[in-house]
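Q: Chains as they are written, first to last, in UniProt numbering: chain C, 1 to 237; chain Y, 1 to 237. Before I ask anything, here is the structure I am working with.
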């Protein structure tokens with residue numbers, strides 16, 4: 001039986017061997033939800049980069065650039081970390097460079113995996129359907145917050161475990177924990193998350209509508225996958 | 001308001017500043033449950049050591065020695081990692097040296113804290129009562145399994161959060177997660193844990209009775225605390 005594992009934060013990635021595994025990176029508030037939205041709106045490629053300098057370098061080469069630090073847009077870049085920014089005609093066929101506090105780093109740290117996919121509640125079922133066609137084990141890498149675990153990415157991991165649990169064994173307690181938390185919270189995720197630290201951080205910034213949007217399940221039939229240094233939409237789903 | 005934080009594994013300890021914090025170390029299956037039992041049965045000191053060699057050195061100096069690796073007793077030592085071993089007249093006023101796979105390492109890693117306490121379900125209420133007399137923030141350090149998170153230590157952390165939640169704020173999502181899991185499982189912890197990885201490991205070794213014992217709440221009114229390199233029973237509780 002294939003296995004599903006959950007790495008609760010990139011700071012625990014050293015404990016997980018990803019070489020024979022498909023990694024699904026989740027930073028649902030909001031980096032990976034933005035990426036999925038961008039592909040749904042026709043973006044051509046997204047290059048995840050670690051630093052603001054790199055992002056600027058791609059911007060100088062004609063890329064649209066998105067930079068976020070501490071949940072805020074960095075000055076001088078076109079795009080920020082709100083998914084609504086990506087619902088725009090300028091996105092169609094565009095090449096984007098993106099750096100965020102947690103999400104893009106999680107992607108670049110996973111490069112040695114068989115494949116790196118971008119997951120969010122928005123494309124959960126698309127991810128599930130794709131994974132079932134593959135023979136590899138799966139690991140969800142929760143982006144967390146500056147190395148710490150967070151509730152929203154753990155809930156996404158739990159949602160994926162929930163949908164795969166008939167065909168995948170849970171590898172370790174982190175998968176069980178994520179699944180149990182999702183089971184407990186799934187009927188009202190927004191309420192369940194209401195006292196979490198990042199929700200409070202986002203609410204202070206007045207972006208409740210982003211939160212509501214990012215918690216919607218199965219809006220888009222897209223699976224972003226890392227090819228070389230760029231994310232592209234998986235074809236032939 | 002004081003804060004309660006939860007560090008889900010020693011491999012995330014670098015993210016937490018413990019200098020102004022009381023750390024409660026939990027390795028409920030079974031190291032910290034053994035320690036609490038030993039103090040309830042009158043042990044004088046327990047020196048937690050990282051290696052089997054160190055343990056042997058203390059044994060040569062006349063200490064009773066306990067060494068466990070991968071949930072099994074190491075040959076040549078009197079005591080192992082079953083709490084029933086410590087319910088014995090030889091324990092009264094004895095000095096013990098102990099090394100275990102996860103628990104003793106978690107204790108030695110926390111030395112820079114204001115105080116390091118040893119927690120388990122067996123002495124949960126004694127810990128709660130003591131903490132309420134102190135003005136410091138609290139962090140539960142879950143020993144985990146070789147760096148990974150585990151469900152049983154997370155549940156202990158959640159139990160402590162649950163009992164302190166009226167007088168302590170939850171510092172981060174890890175505290176919320178632990179508390180939510182405990183809320184979900186508390187009415188039948190044994191059943192809730194039945195598919196966890198360490199329970200399966202212990203059941204293969206035929207020590208179901210240890211599991212049942214370690215899940216009992218509030219059996220003993222003892223709080224082991226680290227003084228120098230040795231654990232002693234807190235006085236004047």
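Using N, Cα and C, we set each Cβ at its ideal position, and we do this for glycine too.
Name, going along the chain, the residues of the stretch 185 to 215 of chain C whose beta-carbon falls closer than 7 Å to a beta-carbon of chain Y.
A: Of all residues in the stretch 185 to 215 of chain C, 195, 196, 197 have a Cβ within less than 7 Å of some Cβ in chain Y.
Q: Which residues does DSSP list as the beta-bridge partners of residue 186 of chain C?
A: Looking up residue 186 of chain C in the first chain gives position 186. Partner(s): none; residue 186 of chain C has no beta bridge.
Q: Please return the same chain residues whose Cβ sits closer than 7 Å to the Cβ of residue 50 of chain C, not counting the five positions on each side in sequence.
A: As a working note, residue 50 of chain C is residue 50 in the first chain. Excluding residues within five positions, the ones whose Cβ falls inside 7 Å are 99, 104, 105, 108.
Q: Sorted by chain position, which residues of the same chain lie with C-beta nearer than 6 Å to residue 1 of chain C's C-beta, five sequence neighbours on each side aside?
A: Reading the first chain from its first residue, position 1 is the one you call residue 1 of chain C. These residues qualify, in order along the chain: 169.
Q: Assign residue 185 of chain Y to one of two classes, buried (16 or more other C-beta atoms within 10 Å of its C-beta) or exposed (fewer than that).
A: Reading the second chain from its first residue, position 185 is the one you call residue 185 of chain Y. It is buried - the Cβ of residue 185 of chain Y has at least 16 other Cβ atoms within 10 Å.
Q: Suppose only complete runs of 4+ residues qualify. What are the alpha helix (DSSP H) ranges in the stretch 3 to 58 of chain C, listed by chain order?
A: 31 to 40, all fully within the stretch 3 to 58 of chain C.
Q: Can you name the residues of chain Y whose CB is closer than 8 Å to the CB of residue 174 of chain C?
A: As a working mapping, residue 174 of chain C is identified with position 174 in the first chain. Here the neighbours are 148, 149.
Q: Spatial neighbours of residue 230 of chain Y within its chain, please: CB distance less than 6 Å, with the 5 preceding and 5 following residues excluded, ordered by chain position.
A: In the second chain, counting from the first residue as 1, residue 230 of chain Y sits at position 230. Contacts found: 45, 47.
Q: Where does residue 71 of chain Y fall in DSSP's three states?
A: On the second chain, residue 71 of chain Y is found 71 positions in, with the first residue counted as 1. Of the three classes helix, strand and coil, the one that applies to residue 71 of chain Y here is coil, per DSSP.
Q: Report yes or no: do the stretch 221 to 228 of chain C and the stretch 117 to 133 of chain C share at least 3 C-beta pairs separated by less than 8 Å?
A: Yes, the stretch 221 to 228 of chain C is in contact with the stretch 117 to 133 of chain C.
Q: Tell me whether residue 136 of chain C sits in a helix, a strand or coil according to DSSP, three-state version.
A: Translated into positions along the first chain, residue 136 of chain C becomes position 136. DSSP places residue 136 of chain C in coil when its eight states are reduced to three.
Q: Exposed or buried, which one is residue 151 of chain C when buried takes at least 16 other CB atoms within 10 Å?
A: As a first step, residue 151 of chain C must be located in the first chain, where it is residue number 151. Buried: at least 16 other Cβ atoms inside 10 Å.
Q: If the cut-off is 9 Å on Cβ atoms, which residues from the stretch 124 to 146 of chain C count as contacting chain Y, listed in chain order?
A: Listed by position along the chain: 144, 145, 146.
Q: For residue 100 of chain C, name the three-state secondary structure that DSSP assigns.
A: In the first chain, counting from the first residue as 1, residue 100 of chain C sits at position 100. Coil, per DSSP.
Q: Does the beta-carbon of residue 62 of chain Y have 16 or more other beta-carbons within 10 angstroms, so that it is buried, or is it exposed?
A: Counting from 1 along the second chain, the entry for residue 62 of chain Y is found at position 62. Its Cβ having fewer than 16 others within 10 Å, residue 62 of chain Y is exposed.
Q: Give the residues of chain Y in contact with residue 180 of chain C, contact being defined as C-beta atoms less than 9 Å apart.
A: Position 180 of the first chain holds residue 180 of chain C. Correct list: 151, 180, 181, 184, 185, 192.
Q: Hey, out of C:11, C:82, C:58, whose CA is closest to residue 213 of chain C's CA?
A: Counting from 1 along the first chain, the entry for residue 213 of chain C is found at position 213. It is C:82.
Q: Take residue 193 of chain C and list the residues in its own chain whose beta-carbon comes closer than 7 Å to its own, dropping the five residues that flank it on each side.
A: Taking the first chain and counting its residues from 1, one reaches residue 193 of chain C at position 193. Same-chain partners within the cutoff: 151, 152, 199.
Q: For residue 29 of chain C, I'd like the list of residues in its chain whose CB is within less than 7 Å of its CB, leaving aside the five on either flank, ordered along the chain.
A: Translated into the one-based positions of the first chain, residue 29 of chain C becomes position 29. Answer for residue 29 of chain C: 152, 198, 202, 211, 214, listed in chain order.
Q: Evaluate the contact criterion for the stretch 15 to 28 of chain C versus the stretch 59 to 76 of chain C: three or more CB pairs, one atom per stretch, below 8 Å.
A: Taking 8 Å as the limit for Cβ pairs, the verdict is that the stretch 59 to 76 of chain C does not touch the stretch 15 to 28 of chain C.
Q: Check the Cβ of residue 177 of chain C against every Cβ in chain Y and list those closer than 8 Å, keeping chain order.
A: As a working mapping, residue 177 of chain C is identified with position 177 in the first chain. Within chain Y, the residues near residue 177 of chain C are 149, 151, 154, 177, 181.
Q: At 8 Å on the CB atoms, spell out the chain Y contacts of residue 8 of chain C, in chain order.
A: What you label residue 8 of chain C is simply residue 8 of the first chain in a count that begins at 1. In chain order: 8, 149.
Q: In the stretch 12 to 24 of chain C, which residues sit with their C-beta less than 8 Å from some C-beta in chain Y, listed in chain order?
A: If the cut-off is 8 Å between Cβ atoms, the stretch 12 to 24 of chain C has 12, 14, 15 near chain Y.
Q: On the DSSP letters alone, give me the boundaries of the beta strand (DSSP E) that residue 168 of chain Y sits inside.
A: On the second chain, residue 168 of chain Y is found 168 positions in, with the first residue counted as 1. Per DSSP, residue 168 of chain Y belongs to the beta strand (DSSP E) from 168 to 170.
Q: Answer with buried or exposed for residue 205 of chain C, where buried requires no fewer than 16 other C-beta atoms within 10 angstroms of its C-beta.
A: Indexing the first chain from 1 puts residue 205 of chain C at position 205. It is exposed - the Cβ of residue 205 of chain C has fewer than 16 other Cβ atoms within 10 Å.
Q: Whole angstroms is fine: what's the gap from residue 110 of chain C's alpha carbon to residue 11 of chain C's?
A: Within the first chain, residue 110 of chain C is the residue found at index 110, counting from 1. Within the first chain, residue 11 of chain C is the residue found at index 11, counting from 1. Each residue's Cα considered, the two are about 12 Å apart.
Q: Using the C-alpha atoms, what's the distance from residue 31 of chain C back to residue 93 of chain C?
A: Here residue 93 of chain C corresponds to residue number 93 of the first chain, with the count starting at 1. Here residue 31 of chain C corresponds to residue number 31 of the first chain, with the count starting at 1. So the two alpha carbons sit approximately 19 Å from each other.
Q: Less than 8 Å between the C-beta atoms of residue 25 of chain C and residue 116 of chain C, yes or no?
A: Translated into positions along the first chain, residue 25 of chain C becomes position 25. Translated into positions along the first chain, residue 116 of chain C becomes position 116. Yes. Within cutoff.
Q: Between which two residues does the alpha helix (DSSP H) carrying residue 157 of chain Y extend?
A: Position 157 of the second chain, counted from the start, is the residue given in the question as residue 157 of chain Y. Residues 151 to 164.
Q: Please determine, among C:114, C:41, C:146, C:124, the residue with the shortest C-alpha to C-alpha distance to residue 84 of chain C.
A: Counting from one through the first chain, the residue named residue 84 of chain C turns up at place 84. Checking every option, the nearest Cα to that of residue 84 of chain C belongs to C:41.
Q: Does the distance from the C-beta atom of residue 159 of chain C to that of residue 220 of chain C stay below 8 Å?
A: Numbered from its first residue, the first chain carries residue 159 of chain C at position 159. Numbered from its first residue, the first chain carries residue 220 of chain C at position 220. No, they are not a contact pair.
Q: Can you tell which of C:9, C:156, C:4, C:3 has its C-alpha closest to the C-alpha of residue 148 of chain C?
A: Your numbering for residue 148 of chain C matches position 148 in the first chain. Ranking the options by Cα distance to residue 148 of chain C, first place goes to C:9.
Q: Apart from the five residues on each side of it in sequence, which residues of its chain come closer than 6 Å, Cβ to Cβ, to residue 37 of chain C?
A: Taking the first residue of the first chain as 1, we reach residue 37 of chain C at position 37. So the list reads 83, 86, once near-sequence residues are dropped.
Q: May I have the straight-line CA-CA distance separating residue 96 of chain C from residue 54 of chain Y, to the nearest angstrom?
A: Taking the first chain and counting its residues from 1, one reaches residue 96 of chain C at position 96. Taking the second chain and counting its residues from 1, one reaches residue 54 of chain Y at position 54. Spanning the two alpha carbons is a distance of roughly 56 Å.
Q: With DSSP as the reference, label residue 111 of chain Y as helix, strand or coil.
A: Counting from 1 along the second chain, the entry for residue 111 of chain Y is found at position 111. Looking at residue 111 of chain Y - three-state DSSP - the assignment turns out to be coil, as it is neither helix nor strand.
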